[in-house]
Amino acid sequence: MLQLPYLREHKEDAIAGLKKRNNLNATETVESLIAMDDERKRLQSELDTRLARANQIAREIGEMFKSGKAAEANALKEETAAIKEESKELESKLAETENSIRDMLYTLPNVPCYMIPFGTGPDENVVAEEHGTIPKLHSGAMPHWDLAKKYDIIDFELGVKVTGAGFPFYKGKGARLQRALINFFLERATTAGYTEYQAPLMVNEASGIGTGQLPDKEGQMYYMPADDYYMIPTAEVPITNIFRDTIQKAEDLPIKACGYTPCFRREAGSYGKDVRGLNRLHQFDKVEIVQIVHPDVSYDVLEEMRNHVTSLLKELELPYRVLQLCGGDMGFASAYTYDMEVFSAAQEKWLEVSSTSNFETFQSNRLKLRFKDGDSKPRLAHTLNGSALALPRILASLLENHQTPEGIRIPKVLVPYCGFEMID
RNA sequence: GGAGACUUGUCCGAGUGGUUUAAGGAGCAAGCCUGGAAAGUUUGUAUACGGGUAACUGUAUCGAGGGUUCGAAUCCCUCAGUCUCCGCCA
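Numbering (this note's numbering), first residue to last: 5 to 428.
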């Protein structure tokens, strides 16, 4: 959520930035927010005047009762009736104005960093880095969904029977490989200084609001009405919300946290070959890394996180590229996003396996996540997160790229984690 | 799921309608004291939104939200959470 003082002081920058997101009427929105905020201030100070008077009267009445002047006290009481009525009216107008401001701010996306290019969609993302060579597959090479069947390591039909489409079973070496990947990713994250958490897989509404999934995008999350909980779409939600409503000490920054969780996404309306096999699931596994940092260093930290993610891909011997997303393709809360994609050799396409973003103060403002340097005023921290990594597409790419006529070769780095060298 | 007790500031803790503008203590910070430190002592020590160049000042916040009252940490209602006991349970 953007901050009103920021919108006031950097109005032109904010509007220009929002326009990078194809935001049709950024100017109008920002102008009307500022006007509503002026109104809010006016109402607030009028209300404060009334309340100050009412408090004063209450104190005077107290004194009078004490000194036995009950009659005078009763006379004073009459004055309060009018004040109360005015206060009530001002209060409800104020609440109304505050709600309108809040609703508008909730639906307003983050202002992209000044370095972010214009662009209306995925085609205009910028390739920031490419690494590795695309493997030449032997004749008879298969896409991962056929490999999964051939080696009996993933069962999509069984998932449909037990739950529904998008909830596969991993089986035998498939399951062990998943577990190996999770352990490998967690091991690398904790070595890099991230504290590991095992988080709840359901969150309450306040947490969904804190990281920006609510109130706008409840459609992407599974919802449990009996208890008013949401299944997490990413570990970012519980892990970042650990720090909601806190004031950190500057010397404790950066805070680095990571966690493995299954992730649940409804992804309504998806279909076709883009969602075939492991390409898009309703439940998938992911290791997430999160940092809470001082605003001065957040862009250095973003590069650090990018390097962390790409080093994993190198170790897994997967060809990858890093995209710098353009304004039109960036997520709602992000100021700057890198997407990491691996090449899936049999499908012959790039698959997104990580999205690593700097949210600047957009999340921390919603979360009320601040830090304090000595006696200075609390300031909003910057938050960042990244997938490190999402499993299914890594698995798809591993299976397809490393397939041989003899079986699927496990990258060396994973062998100690899964305990076998080939799936055959 | 049932019954009861409870939730106060950074922490502990007092407070059942009006000098509570939240006692007292601990911690922390600064000053004094000291050769230096400890002890002692004094002062300060929350957050949000306003007004003011500033000193300062107004309002709100005692788990959350509502209500009663001229006035609520205190009384009433709803909800959440913690603890104890009972029931059920991996």
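C-beta: ideal position from N, C-alpha, C; glycine also.
Fair warning: this is a prediction, and the values are worked out from it, not measured in the lab.
Please report the distance separating the alpha-carbon of Ser-452 from that of Glu-364. As displayed, the chain neither begins before 5 nor continues past 428, which places residue 452 out of reach and without an answer.
Which residues does DSSP list as the beta-bridge partners of His-135? Tyr-324
Exposure of His-286, with buried meaning 16 or more beta-carbon neighbours within 10 Å: Looking at its Cβ environment, which holds 16 or more other Cβ atoms inside 10 Å, His-286 is buried.
Quick test of the definition: if touching needs 3 or more C-beta pairs under 8 Å, does the region 349-361 touch the region 370-380? no
Are there 16 or more other CB atoms within 10 angstroms of the CB of Thr-238, so buried, or fewer, so exposed? buried
Once DSSP output is grouped into helix, strand and coil, what is the label at Ala-400? helix
Check each candidate in Ser-96, Asp-159 and Thr-341 and name the one with the smallest Cα separation from Asn-362. Thr-341
I'd like the ranges of any beta strand (DSSP E) spanning at least 3 consecutive residues and lying wholly in the region 18-102. none
Kindly indicate which three-state DSSP category Cys-422 falls into: helix, strand or coil? helix
Is it true that the CB of Val-297 sits closer than 9 Å to the CB of Gly-263? no
Thinking just about the alpha-carbon of each residue, which of Lys-97, Thr-195, Gly-216 and Thr-84 is nearest to the one in Gly-335? Gly-216
Which word fits Val-346, buried or exposed, when buried means at least 16 other C-beta atoms lie within 10 angstroms of its C-beta? buried
Which residues DSSP lists as bridging Ile-293, in chain order: Cys-262 and Gly-390
From Thr-360 to Phe-189, what does the alpha carbon distance come to, in whole angstroms? Take the alpha-carbon of Thr-360 and the one of Phe-189: they are about 15 Å apart.
Any contact of the region 202-212 with the region 175-184, i.e. 3+ C-beta pairs under 8 Å? no
Secondary structure of Leu-282, DSSP reduced to three states: Annotated three-state conformation of Leu-282 is coil, per DSSP.
From what residue to what residue does the alpha helix (DSSP H) around Lys-177 run? Looking at the DSSP string, the run of the alpha helix (DSSP H) that includes Lys-177 is 177-195.
Do Ser-91 and Arg-63 have their C-beta atoms closer together than 9 Å? no
For the beta strand (DSSP E) holding Glu-200, just list the boundary residues, first then last. First-last of the beta strand (DSSP E) with Glu-200: 199-201.
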